[in-house]
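Before any comments, here is the structure.
In this note's numbering, the protein residues as written are -1 to 191.
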C-alpha cells in the first residue's frame, strides 16, 4: 500500500496528488488511509522514507569501489539505469519533493533537506578518500566538488522528468566525468614528480 502511495506522489507530485488519488492507488478509504498512515503530509513523509530505502542505498554502495572515477561512473550509470526503468515514473520523487516542499516547514521538508545534506556528505567523503589515495589533487575542494555532484544528480532527475532521453542524461554525466578525469590526471602527474 505504501509503495502504491509512493508511486502516486512520484507520478504527480505532492500538490497534485489528492487524497482521492491516494485512495485509488492504495485501495484504502480516506479514514483507513489516515488510520494507517496519518494525514496527507504523514503519508508523503512515509513515502519519501520508503523511496530513500528502495532507491538510495544501492546508489551509495557503488561509491565503495577503489578507483574514484569508476565509483562515480558506476553511481551515475546506476542512476541513469533507474531513470530508464519504464515501470517507474520519470524523474525522482526526492527531487520533486525538494522542488515542492523543500523550503517549507514540517517533517517532509526536513526529510528532504536531510537527504540532500546526507547525499552531499557521502560525495564529500568519497572525494576526500580520493584525495588521500592520490586520485584527486591535494588541493581539491571536496565540499565544492560534492555539491556539484549533488547538483548533477538533481539536474539529470529534472531533465529525465521533462525530457526523458537517456542520451541527454549520459552526455551530461560524460561531460562531468571528463572534468573529473582531468583532475585525476593532474593528481597522477603531480604524484610522479
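The C-beta atom is built at its ideal place from N, Cα and C for all residues, glycine as well.
Say whether chain C places a C-beta atom closer than 9 Å to the C-beta of residue i.
i          : result
residue 50 : No chain C is part of this structure, which consists of one protein chain only.
Return the chain-ordered list of same chain residues with a C-beta closer than 6 Å to the C-beta of residue i, the five sequence neighbours on each side being excluded.
i           : result
residue 117 : 148
Of all the options the options, which has the alpha carbon lying nearest to the alpha carbon of residue i?
i           : options               : result
residue 38  : 64, 9 and 4           : 4
residue 15  : 41, 35 and 33         : 41
residue 135 : 66, 151 and 96        : 66
residue 142 : 126, 153, 161 and 132 : 126
residue 48  : 91, 160 and 164       : 91
Going by beta carbon distance, what residues of the same chain come within less than 7 Å of residue i, once the five residues before and after it are set aside?
i           : result
residue 120 : 58 and 61
residue 24  : -1, 2, 3 and 31
residue 12  : 42, 95, 98 and 99
residue 145 : 118
residue 129 : 136, 138 and 140
Please report how far the alpha carbon of residue i lies from the alpha carbon of residue j, in whole angstroms.
i           : j           : result
residue 137 : residue 181 : 10 Å
residue 179 : residue 114 : 25 Å
residue 77  : residue 54  : 9 Å
residue 171 : residue 150 : 8 Å
residue 34  : residue 124 : 39 Å
residue 102 : residue 156 : 20 Å
residue 52  : residue 158 : 19 Å
residue 166 : residue 160 : 11 Å
Leaving out the 5 sequence neighbours to the left and right, which residues in its chain are closer than 8 Å to residue i when beta-carbon positions are compared?
i           : result
residue 63  : 69 and 72
residue 175 : 67, 70, 71 and 74
> Do three or more CB pairs link the stretch 79 to 86 to the stretch 102 to 121 at distances below 8 Å?
Replying inline: Under the Cβ criterion (8 Å, minimum of three pairs), the stretch 79 to 86 does not count as touching the stretch 102 to 121.
> Whole alpha helix (DSSP H) runs in the stretch 60 to 134 with 4 or more residues, listed along the chain?
Replying inline: Correct list: 66 to 82, 91 to 99 and 105 to 130.
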